[in-house]
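Note that the numbering used here numbers the sequence shown so that position 94 is 195, with each residue one more than the last.
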Amino acid sequence: VWNVSAVPLYAFDNSTDALLSLTAAVHRQRGARRLILTPDEVTTLYLASVRELYVQLQLTNFFGATAKSDFAVTLSSESPPVLEIVGGLKQTVRRPDPLTIRANAIATSCDGRPTALRTVDIDWILLAPENHESTTNLVLLSTSSDPRLFQLPEYSLISGSTYFLVATAVDAVINQTSRVVCEVTVEASGVVAVLNGGKERIASISELITISAAGSIDLDVESERGSAAELFFEWNCSAIQRTDNCSSLAI
């Protein structure tokens, strides 16, 4: 369910009609996944001195549980910069790999500025969800000297976690901003079983056979191996040729 309210800065003659048009647009899209206002509707609100829309979205699931989210939409006659995340708004990375996400942004050309003067500043903030309702700023700064790139070295993020990377493009000439949020999921990398002496060995039946997997690796653990990496081991022995008793092998 969408709820949208607005307060005109001035009491113009067309203010009432503009607000009624907004109410009708919201009612028309009741129950829809997206709320869309047409350019004509937005222009009508702006000409009625509305500069900000206050939007509330309420979600209800099959069991009747609800959640709400509130946000504001600023109306402006200026054009904000165009901002996009290369690769999409949902990306994955593995903990042993460095994180690199690129944003492309450019200021509007509607005011006649040449391309060389349409550069914008890009700021980055990395957020981690504390729970289903709030996030916290991790204060992890990009290691890239290129402001278009957000980079972190390997092992900076936690495997199995999801982060929200917020990119903000600022056009200082007309004081306009654009913001996008990229969801970054850190996938588990898996483990590698490492056996000393390799996978095939020749031993005498009179010898004690010892096989060690202490060098096994959890790829999400930066430097430790084996038990120090909190790996747990389970061994199975099977005979591929006839022997007296496989259990006579000491493992």
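No residue lacks a Cβ here, since even glycine has one placed at the ideal position from N, Cα and C.
Within a Cβ cutoff of 7 Å, which residues of the same chain sit near residue i, ignoring the five residues on either side of it in sequence?
| i | result |
| --- | --- |
| Ile352 | With a pLDDT of 44 at Ile352, under the threshold of 50, the modelled position of this residue cannot be trusted, and the question is left open. |
| Ser62 | Given a span of 102 to 352 for the chain in the structure shown, any question on residue 62 remains unanswerable. |
| Asp198 | Glu255 |
Where does the unbroken beta strand (DSSP E) through residue i begin, and where does it stop?
| i | result |
| --- | --- |
| Ala229 | Asp222 to Pro230 |
| Tyr264 | Thr263 to Asp272 |
| Leu250 | Leu250 to Leu253 |
| Lys191 | Lys191 to Arg195 |
Alpha helix (DSSP H) containing residue i: first to last residue?
| i | result |
| --- | --- |
| Ser116 | Ser116 to Arg129 |
| Tyr147 | Pro140 to Leu148 |
Going by beta-carbon coordinates alone, are residue i and residue j separated by less than 8 Å?
| i | j | result |
| --- | --- | --- |
| Arg152 | Thr167 | no |
| Ala268 | Leu184 | yes |
| Ala270 | Ser279 | yes |
| Ile207 | Val187 | no |
| Gln277 | Ser177 | yes |
| Arg249 | Arg302 | no |
| Ala149 | Pro182 | no |
| Val292 | Ser317 | yes |
| Gln157 | Asn104 | yes |
| Leu121 | Leu146 | no |
| Ala329 | Ala314 | no |
Could you tell me if residue i is buried or exposed, where buried requires 16 or more neighbouring beta carbons within 10 angstroms of its beta carbon?
| i | result |
| --- | --- |
| Phe333 | exposed |
| Ser349 | The predicted position of Ser349 is uncertain, since its pLDDT is 48 and thus under 50; a value taken from the coordinates is nonetheless stated next. That one is exposed. |
| Tyr264 | buried |
| Ile306 | exposed |
| Val285 | buried |
| Leu242 | exposed |
| Asp319 | buried |
| Ile341 | exposed |
| Leu309 | exposed |
| Ala119 | buried |
| Val194 | buried |
| Leu138 | buried |
| Ser116 | buried |
| Asp114 | exposed |
| Leu258 | buried |
| Leu200 | buried |
On the DSSP bridge assignment, give the partners of residue i in chain order.
| i | result |
| --- | --- |
| Asp171 | Gln157 |
| Ala206 | Leu184 |
| Ala107 | Leu154 |
| Arg280 | Thr269 |
| Asn238 | Leu228 |
| Asp319 | Val292 |
Spatial neighbours of residue i within its chain, please: C-beta separation below 6 Å, excluding the five flanking residues on both sides.
| i | result |
| --- | --- |
| Asp321 | Arg196, Ser260 and Ser290 |
| Leu190 | Cys283 |
| Ser180 | Thr209 and Cys211 |
| Ala173 | Glu153 and Tyr155 |
| Val102 | Gln159 |
Between which residues of its own chain and residue i is the CB-CB distance below 8 Å, once the five residues before and five after are set aside?
| i | result |
| --- | --- |
| Leu228 | Thr236, Thr237, Asn238, Leu239, Tyr264, Phe265, Leu266 and Val267 |
| Val143 | Leu176 |
| Gly298 | Ile312 |
| Val281 | Leu184, Glu185, Ile186, Leu190, Ala204, Val267 and Ala268 |
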